[in-house]
Amino acid sequence: MRKHWNPIVLIHRTNTRPPLPFPCPDFNQSFHPSTCILIKNLDHMNQDITVPPPSNPVHKPKLRPTLNSYFNKPTLFEAFFSCFLPFLISLFLIAYLNQSGKNSEMVLLAGFCNGSDIANVDSSESKSVPFQETRTGHACSTMGEPCISCTTFNILAPIYKRLDQQNQSVRESDFRAFWLARNKKIVNWLLYERSSIICLQEFWVGNEELVHMYEESLGAAGYDTFKLARTNNRGDGLRTFVYTTSTGLLTAIHKEYFKVLNRRELFFNDFGDRVAQLLHVQSVAPFSINQNESVQQEIIIVNTHLLFPHDSSLSIVRLHQVYQILQYLETYQRENKLSQMPVILCGDWNGSKRGHVYKFLRSQGFVSSYDIAHDYTDSDADAHKWVSHRNHRGNICGVDFIWLRNPHKSQKLLKISWAEAAFGIIKYQLKKVSLAENDAFAFLRADSSGNHITYSAFCDALRQVNLTGLSHGLSFQETKDLWVQADADGNGVVDYEEFKRIWDATWLQHMDEDCSLEDLNEGIAEDEAIGFAVKKAVLFPHEVEKGIWPENYSLSDHARLTAVFSPVRLRCSKQSL
C-alpha cells in the first residue's frame with residue numbers, strides 16, 4: 001500500500017553528497033528516495049537522521065499528496081523565511097566579520113561598552129531619513145537656480161572617544177574594528193546626503209588608513225578634499241605616539257557645484273593650537289543678476305573648531321580665535337576686492353547662544369542658519385530650544401553652527417565689536433565673584449585717590465581676574481586698545497560715567513540689513529549682488545531639535561547639522577571694508 005507524506009522539509013542523505021546549509025525543496029516535484037526523504041513531522045527537524053538506502057533503488061514511486069497534505073503545503077512566503085532568509089543572513093554575517101577584522105578586539109571591547117553600543121554603532125540613525133533635498137540639486141529658489149547645501153559635523157576623533165567610563169584611558173583608537181566601522185557609517189551618510197560643502201572637525205589626520213578612506217570615498221563621489229592638522233601635532237594629551245594622535249579639520253567641496261579658486265590655512269598659534277581653513281570658491285553654474293546678466297557667484301567658506309572652555313579664563317582665548325578669523329576675512333576681502341560676497345562660517349564653536357562668541361559674531365552681521373530656518377531669536381527663551389553636543393561632563397548644549405553673512409550686511413567696526421566682547425568677559429568675571437556695578441567700579445579703581453580708574457589700576461584688575469598675565473591672556477597691545485575704548489574723552493582716566501557706559505553696554509540685538517530682496521526695492525538705483533536665503537536647516541538625530549540627547553546615538557558626541565541655501569538677488573547700498 002502506497003503511503004502519502006506531507007512534504008515539509010527536505011533532508012539530504014548522509015551517505016551521499018553533503019547537505020546544503022539551508023535545503024529548500026521544490027514542493028511541486030517528486031523526489032527519488034535514494035537521494036532524499038521526506039520527513040513527516042516537524043518534531044524531527046532538530047534531530048540527526050540517518051536513513052538507509054531503499055532495498056530497491058530501481059523503484060521510483062511517485063509521491064501523490066492527499067487532499068489533506070495539499071492544504072498543509074507551505075506557501076512560497078513561508079518557504080522563503082524558513083529557507084532563503086537565514087541563508088542570506090548567514091552570508092551577510094560572514095562577509096561582515098571578514099571585513100571588520102579582529103575578533104579578539106570585539107571580545108576585549110565587550111568588557112568596556114554596553115551591549116547596545118557594540119551591536120549598533122548608531123541605532124538612532126536608522127530611524128532618521130537624511131535631508132533628501134540636498135541630494136538632487138534641483139531648482140528650489142525663486143530665481144530658478146539650484147540650491148546649495150552645507151553640512152558641518154564634529155565626527156569625534158577615536159583618540160577622544162571613551163569606551164569605559166571607569167577607565168578613561170581606554171579609547172576607541174586602540175581598537176581598529178570599532179573606529180573603522182563607525183567612520184564608515186559617517187562616510188556613508190555624508191555620501192547619501194551629498195551636500196555641496198562638507199566641513200568636518202576632529203578629523204584624525206594622524207591615521208593614514210582613516211585619511212585614505214575619507215579621501216578615496218569622497219573623491220570618488222566628486223569632492224575635492226582639503227585637510228589641516230592642529231599645530232604642534234596636537235591631539236590627545238594622554239597619548240605619547242604623535243603619529244597617531246594628530247587631529248584637525250577636513251573640508252570637502254563638490255566639484256559639481258563649486259570650483260576652488262583659492263585656499264588659506266590659519267594658525268592661531270595659541271594655547272589650544274587651533275586652526276581654521278578658508279576656501280574661496282566659485283559656483284560652476286552661473287547665477288542670474290538680472291534678465292541680461294549672470295555671474296558665477298563667489299563664496300568664502302571657513303571651517304574651524306574653537307577651544308573648549310575648560311574654565312572661564314579661556315573665554316578670552318576663544319574670543320580671540322574668532323577675532324583672528326574675522327581679521328583675516330576682512331584683510332583677504334579687502335586685498336582681493338571681494339566685498340560683494342557671501343561668507344559661510346562652519347564648525348564646532350564650543351559655545352552656546354548665550355556666550356560671548358555668539359554675540360560677537362552677531363554684532364558682525366552673521367546669522368545662525370539653524371535659528372533663522374526655525375524662526376528662533378537671540379532671546380534667552382530660545383537659547384536652549386535645540387542642542388548639538390553632549391560633552392565629556394555629560395552636559396548638553398548647542399555649539400555647532402553654520403553662520404551666514406550676506407554682502408553688505410550691516411556690522412559694527414571689527415575693533416569696536418572686539419572691545420565690546422572683551423568688556424563683556426570682564427563684566428562676566430566681575431559678576432561671577434558677586435560684584436555689582438558700584439563694587440566693580442571700586443574694584444577697578446583700587447587705591448586711586450580720585451573717583452576714577454587709572455590705566456595701572458585697570459591692568460592690575462585684569463590680572464586679578466586672569467585675563468592678563470597668562471600665556472593665553474590679553475596681550476599688551478590688546479589691553480592698551482581696550483583702555484583707549486574705555487577712555488572715551490581721552491583724558492587718561494576712566495570716570496564713573498565712562499565706566500557706566502561700558503557696564504551697561506548691551507549687544508546689538510537685531511542688525512538691520514543694508515541689503516534687501518529685490519522685490520522690496522523696485523526702482524532703487526543701488527548695487528546688485530547675489531546673496532543667500534536660508535531655505536531649511538536640520539539636525540540629526542532629530543531628538544536634538546527638541547533639546548533631547550538620545551541615549552542610543554553613538555555615531556559621535558555631536559549632532560550633524562545641514563543647511564540649504566537658496567540664492568537671492570539683493571540690492572545694496574555701496575560700502576567698503
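Numbering-wise (the UniProt record's numbering), the sequence shown opens with residue 1 and increments by one.
Yeah, the Cβ is synthetic: ideal placement off N, Cα and C, and Gly gets one too.
Inter-residue distance for GLU330 and VAL544 is about 34 Å (C-alpha atoms, whole angstroms).
At the C-beta level, PRO407 and ALA276 stay beyond 8 Å of one another. Judged by DSSP in its simplified three-state form, THR454 adopts coil rather than helix or strand. In this structure, DSSP gives LEU474 a state outside helix and strand, which the three-state scheme calls coil. Ranked by how close their Cα comes to the Cα of GLY531, the residues VAL295, TRP386 and SER388 have VAL295 in first place.
Counting only residues of its own chain and dropping the five nearest sequence neighbours on each side, ASP382 has a CB closer than 6 Å to the CB of TYR376. At a Cβ-Cβ threshold of 8 Å, ALA419 and PHE360 do not count as neighbours. For ARG194, the closest C-alpha among the options ASN233, VAL211, LEU218 and LYS353 is that of LEU218. Counted as a single uninterrupted DSSP element, the stretch harbouring VAL170 is not any beta strand (DSSP E), since DSSP gives it neither H nor E. Using a 10 angstroms sphere on the CB of VAL568, the tally of other CB atoms reaches 16 or more, which defines it as buried.
A direct Cα-Cα distance of roughly 19 Å separates LEU163 from ASN207. Out of HIS320, GLN166, THR225 and SER283, the CA that lies nearest to the CA of PHE271 is found in HIS320.
Taken atom to atom, the span from the alpha-carbon of SER556 to that of LEU249 is near 15 Å.
The three-state reading of DSSP puts LEU338 in coil, since its state is none of H, G, I, E or B.
Spatial neighbours of VAL317 in its own chain (CB-CB distance under 7 Å, excluding positions within 5 residues in sequence) are listed in chain order as ASP270, PHE271, GLY272, LEU307 and HIS472. Ranked by Cα distance from LYS412, the first of LEU326, THR251, ALA220 and ILE198 is LEU326. Between ILE425 and LEU467, the gap from beta carbon to beta carbon is short of 8 Å. With contacts defined as CB atoms closer than 8 Å, ILE372 and ILE344 fail to qualify as a contacting pair.
By the CB criterion at 8 Å, PRO158 and TRP189 fall outside the cutoff. Contact between GLU202 and THR247 holds: their C-beta atoms lie close to 5 Å from each other, under 8 Å. DSSP places CYS147 outside both helix and strand once states are collapsed to three, so it counts as coil. Going by beta carbons, THR231 and PHE287 fall outside the 8 Å limit. PHE258 is positioned such that its CB atom lies no closer than 8 Å to that of LEU200.
Cβ-Cβ separation between LEU561 and ASP400: approximately 5 Å, consistent with a contact (criterion under 8 Å). Setting aside the 5 residues that flank it on each side, GLN485 is surrounded in the same chain by ALA419, each with a C-beta closer than 6 Å to its C-beta; the list follows chain order.
Boundaries of the beta strand (DSSP E) around PHE203: 197-203.
The Cβ neighbour count for GLU209, taken over all protein chains shown within 10 Å, is under 16; the residue is labelled exposed.
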